[in-house]
Amino acid sequence: MASTKQTPAYPMSIMTRITMLCLLYCSFVRSYVLVPKSKKWQRTSSSELRSTEDGHETKTSFRNEGCENRRKFFEHLGSGFVVVGTSSLLGMGAPSPAYATYGDVPKSQGFNYIDFLIEKNASGLTPEGALYNGAASVDAQLRRISDASGRLQEIPDIARSKKWSQVQGILTGPLGTLLQTMNQLSKDSNEAKKAGAKVKNDIIAIGQMASKKDEAGCIAATEAASRDLDAFLRIVY
1 MASTKQTPAY
11 PMSIMTRITM
21 LCLLYCSFVR
31 SYVLVPKSKK
41 WQRTSSSELR
51 STEDGHETKT
61 SFRNEGCENR
71 RKFFEHLGSG
81 FVVVGTSSLL
91 GMGAPSPAYA
101 TYGDVPKSQG
111 FNYIDFLIEK
121 NASGLTPEGA
131 LYNGAASVDA
141 QLRRISDASG
151 RLQEIPDIAR
161 SKKWSQVQGI
171 LTGPLGTLLQ
181 TMNQLSKDSN
191 EAKKAGAKVK
201 NDIIAIGQMA
211 SKKDEAGCIA
221 ATEAASRDLD
231 AFLRIVY
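According to the UniProt record's numbering, the residues represented by the sequence shown are 1 to 237, in order.
Structure follows, in structure tokens:
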């Protein structure tokens, strides 16, 4: 007797399952919500419906536009399940731009490269081209740099308030620690040393402008320091 070859059954894909569930849902809505089978509806006027069930007659009045809105709502709800399910599946497997690789850095305005580095380090991703890459020290370095960068951003408002002693406090405190960290990071790279020297000169300029109580000059030097610090970090990390 010739044996019959059976075709192996493959499990349905996620897309197929979601599509079938959505179709069943739409069928349920149309059958049991929009047009109830247990009642026979007869229109008696523009604003009334008459129903007959088990020989007893009841009368229900409502606005036609209310019924129409309810019908459209359930139809859109049913189709929404299909759209959402399909969109979710299409999005599966697509890497997020912010988490793809260490080199994929967003270019949007206002992007904070230091926060990007901290997030990547917390995720366990190590910058491939980092010049100083101690496992335990990277996080501490990034935290110090982040703190110094945050204090650097405070200087323009402090300068506008003419609180020059506070500016000097930031320069000798967090920014002094920043320069020490940058010296560690740049000791094995001439390019990093040049970039670090720019940041150092910017910080010196901030102090000079603060000594002269030059608000505009202090703010301009602060903006230059922020740009040069970002450029330095892109070299060493």
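Note that beta-carbon positions come from the ideal geometry of N, C-alpha and C, so glycine has one too.
Residue 188 - DSSP class collapsed to helix/strand/coil: Three-state DSSP puts residue 188 in coil, outside helix and strand.
Beta carbon of residue 206 nearer than 8 Å to that of residue 231: When the beta-carbon positions are compared, residue 206 and residue 231 stay at least 8 Å from each other.
Cβ pair count under 8 Å reaching 3, the stretch 165-174 against the stretch 200-214: Cβ pair count under 8 Å is three or more, so yes.
Beta-carbon proximity list for residue 147, same chain, < 6 Å, skipping 5 on both sides: Closer than 6 Å at the Cβ level, and outside the excluded window around residue 147, lie 174.
Exposed unless 16 or more other CB atoms sit within 10 angstroms - verdict on residue 142: Buried.
Through-space distance from residue 137 to residue 172, alpha-carbon basis: Their backbone Cα atoms lie some 23 Å apart in a straight line.
The ligand MN heavy atom lying under 7 Å from the CB of residue 140: The ligand MN is absent from the structure shown, which contains no ligand whatsoever.
Residue environment, residue 195, which counts as buried when at least 16 other CB atoms sit within 10 Å: Buried.
Local Cβ density within 10 Å of residue 149, reported as buried at 16 or more and exposed below that: Buried, by the Cβ-count rule.
8 Å contact criterion, which residue 228 and residue 193 should meet: CB distance rounded: The distance from the Cβ of residue 228 to that of residue 193 is about 13 Å, inconsistent with a contact at the 8 Å cut-off.
Between the CA atoms of residue 200 and residue 218 - distance to the nearest angstrom: Computed Cα separation, rounded: 14 Å.
Residue nearest to residue 189 in terms of C-alpha spacing, selected from 176, 18 and 233: In terms of CA proximity to residue 189, 233 leads the group 176, 18 and 233.
Buried/exposed call for residue 202, threshold 16 Cβ in 10 Å: Its Cβ being crowded by 16 or more others within 10 Å, residue 202 is buried.
Pick from 221, 184, 182 and 179 that is closest to residue 153, judged by C-alpha positions: Ranking 221, 184, 182 and 179 by Cα distance to residue 153 puts 221 first.
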